[in-house]
DNA sequence: TCATTGATTTGCT
DNA sequence: GCAAATCAATGAT
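Numbering (this note's numbering), first residue to last: 9 to 221.
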């Protein structure tokens with residue numbers, strides 16, 4: 009019998025982080041800034057039989073005036089949680105999978121694309137569909153709060169040294185915009201062949217100048 | 001009620 | 001590299 013690998017995080021610290029997640033102010037900022045800030049944070053899922061924890065390694069911003077944004081035409085049955093308060097979870101289905109987003113403002117959100125498994129994560133959480141499968145997320149979680157719900161995001165305590173920026177994956181409209189953000193050097197990232205360019209971890213200020221909200 | 005369309009993943013060539 | 005799988009949301013009829 010093979011020894012079980014030691015967990016990368018202490019379950020007690022996970023419970024503490026789950027109890028003190030990022031608050032609404034974390035999400036109520038320009039979407040690109042939030043997409044950048046989410047890198048390195050803990051995504052924590054509470055299930056009846058335990059925790060699932062991953063370190064966020066890949067995000068995409070869906071901003072105002074963005075043709076690829078589901079919310080660009082206003083509220084519908086599918087996207088209505090994108091018009092909830094900052095820190096709302098927006099989960100939708102596309103093809104055969106689900107994708108999870110953190111709402112930042114009225115009709116804007118950050119797609120969670122990949123995490124690095126830290127505790128209790130089954131399978132491969134690289135890619136938004138596989139991330140949702142690994143964290144057992146579906147439309148039942150749409151509209152729940154990342155501040156008080158069964159899925160939360162909390163500070164990891166560690167900072168991300170360098171961020172890679174590139175075009176978003178799998179979209180047709182506004183496909184060229186540099187709104188995809190990746191933890192530099194991580195192997196827990198989808199679409200490894202899509203080109204990315206390296207940016208200082210000092211922040212996304214350069215992108216905020218041309219892409220508001 | 002019908003046709004179109006995907007913020008994906010997988011498997012085959 | 002490319003296309004199929006497969007289905008709910010959406011908008012047109």
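C-beta atoms are modelled at their ideal positions from N, C-alpha and C, and glycine is treated no differently.
Just so you know, these numbers come straight off a predicted model, no measurement behind them.
Pull up the DSSP beta-bridge partners for residue i, would you.
i	result
residue 24	Paired residues: none, contrary to the question.
residue 67	120 and 189
residue 147	Its beta-bridge partners do not exist; DSSP assigns none.
residue 162	50
residue 174	188
residue 61	52 and 127
residue 205	173
residue 153	96
Who are the Cβ neighbours of residue i in its own chain at under 7 Å, not counting the five residues just before and after it?
i	result
residue 134	122, 196, 197 and 198
residue 206	170, 172 and 192
residue 27	none
residue 124	62, 63, 65, 194 and 196
At the level of alpha carbons, what is the spacing between residue i and residue j?
i	j	result
residue 220	residue 25	Its pLDDT being 49, under 50, residue 220 is placed unreliably by the model, and the measurement read from it follows with that caveat. Near 31 Å, if we compare the C-alpha coordinates of residue 25 and residue 220.
residue 115	residue 17	34 Å
residue 6	residue 47	Any property of residue 6 remains undetermined from this structure, which presents the chain solely from 9 to 221.
residue 100	residue 75	17 Å
residue 177	residue 82	23 Å
residue 109	residue 56	23 Å
residue 43	residue 19	26 Å
residue 154	residue 97	6 Å
residue 152	residue 31	14 Å
residue 78	residue 145	19 Å
residue 23	residue 71	32 Å
residue 139	residue 68	14 Å
residue 204	residue 184	12 Å
residue 128	residue 188	27 Å
residue 182	residue 89	22 Å
residue 52	residue 103	25 Å
residue 58	residue 126	13 Å
residue 86	residue 175	25 Å
Given residue i, which residues of its chain have a CB within under 6 Å of its CB, disregarding the five upstream and five downstream residues?
i	result
residue 131	142
residue 137	105
residue 201	none
My understanding is that residue i touches residue j, with C-beta atoms under 8 Å, so please give their C-beta distance in whole angstroms.
i	j	result
residue 113	residue 36	7 Å
residue 29	residue 161	6 Å
residue 94	residue 118	Their Cβ separation, rounded to whole angstroms, is 11 Å, which puts residue 94 and residue 118 out of contact at 8 Å.
residue 190	residue 65	7 Å
residue 63	residue 50	6 Å
Going along the chain, which residues of its own chain have a beta-carbon closer than 8 Å to the beta-carbon of residue i, five neighbours each way excluded?
i	result
residue 10	Low local confidence applies: a pLDDT of 46 at residue 10 is under 50, so the model's placement there is unreliable, with the coordinate-based value given in what follows. For residue 10, where only same-chain residues beyond five positions count, there are no Cβ hits under 8 Å.
residue 179	76
residue 80	73, 74 and 115
residue 168	47, 48, 191, 192 and 209
residue 150	89, 97, 98, 99 and 100
Exercise. Which whole runs of the alpha helix (DSSP H) in the region 95 to 143 are 4 residues long or more, in chain order?
Worked result: Correct list: 136 to 142.
For this session: Entirely within the region 27 to 56 and at least 4 residues each: give me those alpha helix (DSSP H) ranges in chain order.
Result: Segments of the alpha helix (DSSP H) lying fully in the region 27 to 56: 32 to 35 and 39 to 45.
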